[in-house]
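Everything on this sheet refers to the single structure shown next.
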Amino acid sequence: QQQVKQSPQSLIVQKGGISIINCAYENTAFDYFPWYQQFPGKGPALLIAIRPDVSEKKEGRFTISFNKSAKQFSLHIMDSQPGDSATYFCAASPASGGGADGLTFGKGTHLIIQP
Amino acid sequence: NAGVTQTPKFQVLKTGQSMTLQCAQDMNHEYMSWYRQDPGMGLRLIHYSVGAGITDQGEVPNGYNVSRSTTEDFPLRLLSAAPSQTSVYFCASGQGANYEQYFGPGTRLTVT
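Heads up: the protein sequence lines correspond to chains A and B, in order.
Here my numbering is used: the first sequence runs in plain steps of one and ends on residue 115.
Here my numbering is used: the second sequence runs in plain steps of one and ends on residue 1112.
See below:
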């Protein structure tokens, strides 16, 4: 059972464009929704995260939009740059006692920013 | 601070062999976890620990054992390696399960 569904699997965006990656979840016990960025040969690194008490969070060029009723959240990368080319994972974690205490990851999106 | 360190970086095992993947963190985090990453599968939680002496199973625990005798170390043991355990293994630590997780550089394991 895949509890976090991520799309698209791959995405090509022109430099300066907007990259959008979407995730949907099933477990209503999830209450923490991070996005991780991973470069080849490296471990994932936290990019931005949101909790369900807000509908949007922005950090620089990166924005998370969160729709609790639809159980969906998305990552927007504004003014995408070649250095943003990486694999992006959405994830979700339940409140303590809501299940296995750890992150459930989406399958990842391979993002390529063309110069 | 070194953050989260993992050894070895690469390992090749034969089916049936056992080994231990090492993980250490110097951030005094109570929460530590192990994930495996397979192509097209994302990262899947194997085991986790909320503090020294406390461990629990994640999504894919079969074939793996863990222990947590100190806050700093969280080794992952493969008891009898199988080709299905060929993967990249990541250790992570954080203040808690739903706080930022700091990942190590990974161990690439091949079982032949």
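Glycine included, each C-beta is placed from N, C-alpha and C at the ideal position.
Taking a beta-carbon distance threshold of 7 angstroms, Gly-83 (chain A) does not count as an interface residue toward chain B.
If the five residues before and after Asn-67 (chain A) are omitted, its C-beta is found closer than 8 angstroms to the C-beta atoms of Ser-55, Phe-73, all from its own chain and listed in chain order. Taking C-alpha positions only, Cys-1091 (chain B) is separated from Phe-1103 (chain B) by approximately 6 angstroms. At a cut-off of 7 angstroms between beta carbons, Ala-1024 (chain B) makes no contact with chain A. Against chain A, the CB of Ser-1033 (chain B) has a partner CB under 7 angstroms away; the residue lies at that interface. Distances from the CA of Gly-1016 (chain B) to each of B:Pro-1105, B:Ser-1093, B:Thr-1086 were compared; the closest alpha carbon is that of B:Thr-1086. The beta carbons of Ala-1024 (chain B) and Glu-1072 (chain B) sit about 5 angstroms from each other, so the pair counts as a contact at 8 angstroms.
Counting the other Cβ atoms within 10 Å of the Cβ of Gly-60 (chain A) gives fewer than 16, which makes it exposed. CA-to-CA, the gap between Lys-107 (chain A) and Val-4 (chain A) works out to about 8 angstroms.
Contact annotation: the segment 1058-1071 of chain B touches the segment 1031-1045 of chain B, with at least three C-beta pairs closer than 8 angstroms.
Annotated three-state conformation of Gly-1042 (chain B) is strand, per DSSP.
Straight across, the Cα-Cα distance linking Gly-17 (chain A) with Pro-44 (chain A) is about 24 angstroms. Collapsing the DSSP output to three states places Asp-1056 (chain B) in a strand.
Secondary structure of Gly-1051 (chain B) (DSSP, three-state): strand. With the rule of 3 Cβ pairs closer than 8 angstroms, the segment 80-95 of chain A does not count as touching the segment 1003-1018 of chain B. Note that the C-beta distance between Ile-64 (chain A) and Lys-57 (chain A) is below 7 angstroms. Close partners of Asn-1062 (chain B) in chain A (Cβ separation under 7 angstroms) are lacking, with about 14 angstroms as the shortest Cβ gap. Within the segment 47-108 of chain A, the complete beta strand (DSSP E) segments at least 3 residues long are 56-59, 62-67, 72-77, 86-94, listed from N- to C-terminus.
Contact with chain B is found for Ser-93 (chain A), since one of that chain's Cβ atoms lies less than 7 angstroms from the residue's Cβ. As the crow flies, the alpha-carbon of Leu-1021 (chain B) is around 21 angstroms from that of Ala-1097 (chain B). Using beta-carbon distances, Glu-1030 (chain B) does not count as an interface residue toward chain A, since no partner is under 7 angstroms.
Counting along the chain, the unbroken beta strand (DSSP E) around Gly-1094 (chain B) starts and ends at 1087-1094.
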